[in-house]
Amino acid sequence: MKGKSERLIVVSNRLPFSFRRVADGRWKSEQSGGGLVTALLPVLRHRGGMWIGWPGVAEGSDGLDRELAAVGEGAGYALKAVPLTPEEVRNFYEGFSNEIIWPLFHDMQLLCNFDPAYWRTYRDVNRKFARVVHAECGAGDFVWVHDYHLMGVASELRRLKSGARIGFFLHIPFPSPDMFLKLPWRLEIIESLLHYDLVGFQTLRDRRNFVQCVRELLRDVEVEGRGQVLQATVSGRKMRIGNFPISIDFNAFMRQAATSEVAAHAKELHRLLPNRKLLLGIDRLDYTKGIPLRLQAFQNVLERYPDLRERISLIQVVVPSREDIGDYQELKTEIERLVGRINGSFVRPGGWVPVWYVYRSLSRLDLLAYYRAADIGLITPLKDGMNLVAKEYCACSIEEDCALILSEFAGAAAQLANNALLVNPFDIEGVADAIHRAYHMDAGERQARMRRMRRSIRENDVFWWVDSFLRAAIARDLKAFPQPEHVVPDEIIDHTPLVL
Ligand code: GDG
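In the working numbering, the protein residues as written are 19 to 518.
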């Protein structure tokens, strides 16, 4: 391990472990399986480091610190909790983060609840996080803050006179000025982001939106450069702005998908749903994922292309999320109504069921089996930072004999545009036509497209992502950062309808 002064301090809303109390009063913890944890682990272990975040349980939970120390020791990096009161959770997490920033940054302004109390708590909680970071952080450490819950940590750290280098990565899209300027606290948020030394976005489009918002709101910020990383001068201070498409641990997905256990599960799915092509959608329950419109497109394909009846089934997995929020309850009801309507109209008694609907969280084995069994991935978010499901689906398609239908509004489209069938998720007939085209695509074309997508994801996996972000934070010369070859600027993405 390197000296204490060169550590990586990761800061995110949630710690990468969940904690619950068991019967005898002791704590039990479980590591979250996400790619971010896997990707940061080697760096945290090698440089030595710490992860700071909310543990997800009420403030003042006795004995939790001991559990955190023990878990951290096992994980190879330290864990530090930022305790939150129930009111803070309500106003900062559920309120400002998920009722304002989440919908606004996904272009859904009508779902925003611009409650000023949310903003005050958001600022206070960001300050609370900054104090914990400041107390833990040495002068040479690099602090990497993640996501929209914590956009204000750098400005609070600067207020505390912290000299640490601080980077920020936004996992969700950054909206265009038309949308962003509606935020009552737009100036405070833009100014906070400019206090970071490096701000990273998923795509070129997000980065461009951010730069345009900066230009609209602040006259004296200069932004220069042309490659992956730009340089901005803010009141004489230099900072950087880049695009770093997040990815997955491609080799791990590929390896696990190739096991006999996954193969047996995938085969069983085909046995249960025989003589047809399987379409797959896997999404958290969220209005940004476009599930109702996708179901309407599936109904449309069955109506307009009767040749596909009994020859395709849609497996739609919806993973429970934010269920206590009213909009999410309504969304669930809407999805279930549509599934019932499609199945009611088209089902063949004793035989074909058009939509196989699963509402629960999947085990890793089931997730991989669904990916491996599906012939067509149907991923149609209305707006998405990246969409890792699209990349995981490709990684697990080890026979390379399947097609991906992908929304042009997912960040992943900037990388996969030339080989996925790109669709506008609001165009119900267009998505239906893409399903028809994917069904009839010849094997040669299917395989060539999938092979190219898999190569691109393998070459730019999540380890590449961590490495490029950290290098951009410390590099002296930004010329070493040309735009990655796989990034398709949005003006080059082909928006013409699919020709059948
Ligand atoms: C945000 C941004 C951006 C899903 N269901 C199960 C399960 N998953 C895993 C998938 C995948 C992850 O959850 C979902 O990632 P996405 O990228 O699709 O979407 P968000 O959760 O909205 O993530 C997004 C991402 O951050 C990263 O920057 O791409 O745009 O919105 O890894 O595999 N895993 C298991 N069971 C499930 O049922 N085990």
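Just so it is clear, CB atoms sit at the ideal spot from N, CA and C, and this is done for glycine as well.
Run of the beta strand (DSSP E) containing residue i, from where it starts to where it stops
i           : result
residue 69  : 67-72
residue 217 : 216-219
residue 458 : Element bounds for residue 458: not the beta strand (DSSP E) but the alpha helix (DSSP H), 446-458.
residue 246 : Run containing residue 246: none; DSSP gives neither H nor E here.
residue 334 : 330-337
residue 298 : 295-302
Cβ-based neighbour list, residue i, same chain, cut-off 6 angstroms, excluding 5 preceding and 5 following
i           : result
residue 506 : 432 and 435
residue 224 : 191 and 192
residue 300 : 335 and 407
residue 162 : 28 and 185
residue 486 : 262
residue 228 : 192
Through-space distance from residue j to residue i, alpha-carbon basis
i           : j           : result
residue 450 : residue 309 : 14 angstroms
residue 127 : residue 74  : 28 angstroms
residue 143 : residue 170 : 9 angstroms
residue 110 : residue 195 : 24 angstroms
residue 269 : residue 502 : 20 angstroms
residue 469 : residue 410 : 14 angstroms
residue 148 : residue 382 : 35 angstroms
residue 151 : residue 214 : 14 angstroms
residue 230 : residue 99  : 36 angstroms
residue 260 : residue 359 : 45 angstroms
residue 426 : residue 357 : 24 angstroms
residue 281 : residue 290 : 14 angstroms
residue 278 : residue 386 : 12 angstroms
residue 101 : residue 37  : 13 angstroms
residue 373 : residue 380 : 18 angstroms
residue 97  : residue 263 : 27 angstroms
residue 242 : residue 429 : 24 angstroms
residue 573 : residue 319 : In the structure as shown, the chain starts at 19 and stops at 518, and residue 573 therefore has no counterpart that could be examined.
residue 218 : residue 494 : 17 angstroms
residue 120 : residue 187 : 15 angstroms
residue 183 : residue 60  : 20 angstroms
residue 108 : residue 296 : 40 angstroms
Selected residue, minimal CA-CA separation from residue i, among the options
i           : options               : result
residue 302 : 492, 151, 406 and 184 : 406
residue 418 : 365, 285, 466 and 178 : 466
residue 63  : 199, 161 and 91       : 91
residue 168 : 350, 299, 210 and 495 : 210
residue 378 : 389, 49, 369 and 341  : 341
residue 367 : 404, 384, 395 and 328 : 328
residue 447 : 221, 34, 25 and 317   : 317
residue 390 : 283, 454, 121 and 237 : 283
residue 472 : 412, 253, 205 and 146 : 412
residue 175 : 203, 205 and 141      : 141
residue 369 : 136, 330 and 123      : 330
residue 160 : 349, 496 and 490      : 490
residue 508 : 221, 295 and 348      : 221
Residue i - DSSP class collapsed to helix/strand/coil
i           : result
residue 494 : coil
residue 509 : coil
residue 240 : strand
residue 261 : strand
residue 36  : strand
residue 192 : coil
residue 365 : coil
residue 207 : helix
residue 395 : strand
residue 290 : helix
residue 252 : strand
residue 520 : This structure leaves residue 520 out entirely; the chain is present only between 19 and 518.
residue 21  : Because residue 21 carries a pLDDT of 44, less than 50, the predicted location of this residue cannot be relied on, and the following value inherits that uncertainty. The answer is coil: DSSP assigns residue 21 none of H, G, I, E or B.
residue 100 : coil
residue 49  : strand
residue 370 : coil
residue 18  : Outside the shown range of the chain (19 to 518) lies residue 18, about which nothing can therefore be said.
residue 400 : coil
residue 176 : helix
Opening and closing residue of the alpha helix (DSSP H) in which residue i lies
i           : result
residue 463 : 461-477
residue 2   : The question about residue 2 has no answer here: the residues shown for the chain are numbered 19 through 518.
residue 309 : 309-322
residue 425 : Run containing residue 425: none in the alpha helix (DSSP H); it sits in the beta strand (DSSP E), 421-425.
residue 268 : 268-275
Test: residue i CB closer than 7 angstroms to a CB of chain C
i           : result
residue 501 : The displayed structure is made up of one protein chain only, and chain C is not part of it.
Close Cβ partners of residue i (< 7 angstroms) along its chain, the five nearest in sequence each way excluded
i           : result
residue 304 : 339
residue 504 : 433, 474 and 478
residue 32  : 71, 72 and 74
residue 235 : 204, 205 and 208
Own chain, CB closer than 8 angstroms to residue i, minus 5 neighbours either side, in chain order
i           : result
residue 49  : 34, 35, 55 and 93
residue 483 : 57, 262, 263, 264 and 265
residue 511 : 426, 431, 432, 435 and 440
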